[in-house]
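K.L.:
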Amino acid sequence: MEASLVKRAGIAFESIPAAGIHGVGLRRLPANLARLAQGFRASGRIIRRYQPDVLLLTGGYVGVPVSLAARRTPKVVYIPDIEPGLALRLLSNLASVVTVTAKETREHLPARFGALAAILFGLWMLKDFFLPDLGWRLQAPSQIGATAREMAKKATVPALIVGGFLIGLCTVPCSGAVYLGVLSLLALQPSALLGYSYLVLYNLIFVLPLVVILIAASARPTLNRLAHWNLHHKEWVRLVLGGGVVVMGLLILATV
-3 MEASLVKRAG
7 IAFESIPAAG
17 IHGVGLRRLP
27 ANLARLAQGF
37 RASGRIIRRY
47 QPDVLLLTGG
57 YVGVPVSLAA
67 RRTPKVVYIP
77 DIEPGLALRL
87 LSNLASVVTV
97 TAKETREHLP
107 ARFGALAAIL
117 FGLWMLKDFF
127 LPDLGWRLQA
137 PSQIGATARE
147 MAKKATVPAL
157 IVGGFLIGLC
167 TVPCSGAVYL
177 GVLSLLALQP
187 SALLGYSYLV
197 LYNLIFVLPL
207 VVILIAASAR
217 PTLNRLAHWN
227 LHHKEWVRLV
237 LGGGVVVMGL
247 LILATV
């Protein structure tokens, strides 16, 4: 139908092989992936022929190979539905500009961008485990710890509170992926009350154990054992945390 309408308007029409992969079943999936690969090659030829200044994408799995082939071309994605489908969610992640019809659609976008950032941090943590000598490590500068200890010896209680806040900002590279993933989940909630409920649940799951550890660490023998355990297992903690954040980010992208 699109071909006849476009040709009737006197506009050049190019067909691109494409097929869906969501919910098609394992039997059809290989053939559909092969068809998407054909669409990627066809899209590359079309992009090189027309050399567009910008792409306008409105959804549908046919837009995926086009968007991937036009990596350096600016893309504008228009989302006509309140809840975008899988193809539109993927296209939005590759777009320069995303436009929507319904304001409710915007609730999905912060979650999606937060999930992408969480995946990025998670992959960086996995890189630090498997390839520790490649590039920068995701950690606070070592000088921060020494400076903080020296300042703590001279600071007043209000200064210590402000210093704790600033040090917390420095730990974002280490634990920020978890926070980004949680914020993405909170952004998906349809009401403030439900979002607050999940925030309370997050504090029970994530913050309460930290309080228990803090109380346990107030005893010198327990503190020494915790420090010894962390010294010998911190890289494995990095692996588990990085892998978990990547999985959480992918699950968010697949469901929002």
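All letters in the sequence shown, in the order written, are residues -3 to 252 by the numbering used here. Backbone N, C-alpha and C fix where the C-beta goes; we use that ideal spot for every residue, glycine too. Note that the coordinates shown come from a computational prediction; the quantities given were computed from them, not determined experimentally.
1) For Leu84, collect the residues of the same chain with a Cβ closer than 6 Å to its Cβ; drop the 5 residues on either side in sequence, then sort them by chain order.
2) Quick one, which of His18, Ala14, Gly21, Val50 has its alpha-carbon nearest Gln34's?
3) Please report the Cβ distance between Leu162 and Gly245, rounded to the nearest whole angstrom; I am assuming they are in contact, meaning their Cβ atoms lie under 8 Å.
4) In its own chain, which residues sit with a C-beta less than 7 Å from the C-beta of Phe36, not counting the 5 before and 5 after it?
5) Three Cβ pairs or more, each shorter than 8 Å: is that satisfied between the region 230 to 246 and the region 120 to 132?
6) Rounded to whole angstroms, how far is the Cβ of Glu10 from the Cβ of Ile42, which I believe are closer than 8 Å?
7) Look up Thr69 in the DSSP assignment and say whether it is helix, strand or coil.
8) Shortest alpha-carbon distance to Thr97 belongs to which of Pro80, Asn89, Phe109, Leu87?
9) Can you tell me which of the three DSSP states Tyr194 falls into?
10) Helix or strand or just coil, what does DSSP make of Val203?
11) Within this structure, are the beta carbons of Ala30 and Ile12 separated by less than 8 Å?
12) Can you tell me where the beta strand (DSSP E) holding Leu53 begins and where it ends?
P.N.:
Inspection of the coordinates gives the following:
1) Gly55, Ile75
2) Ala14
3) Actually they are not in contact, since the Cβ atoms of Leu162 and Gly245 sit about 27 Å apart, beyond 8 Å.
4) Pro61, Leu64, Ala65
5) yes
6) 5 Å
7) coil
8) Pro80
9) helix
10) helix
11) no
12) 51 to 53
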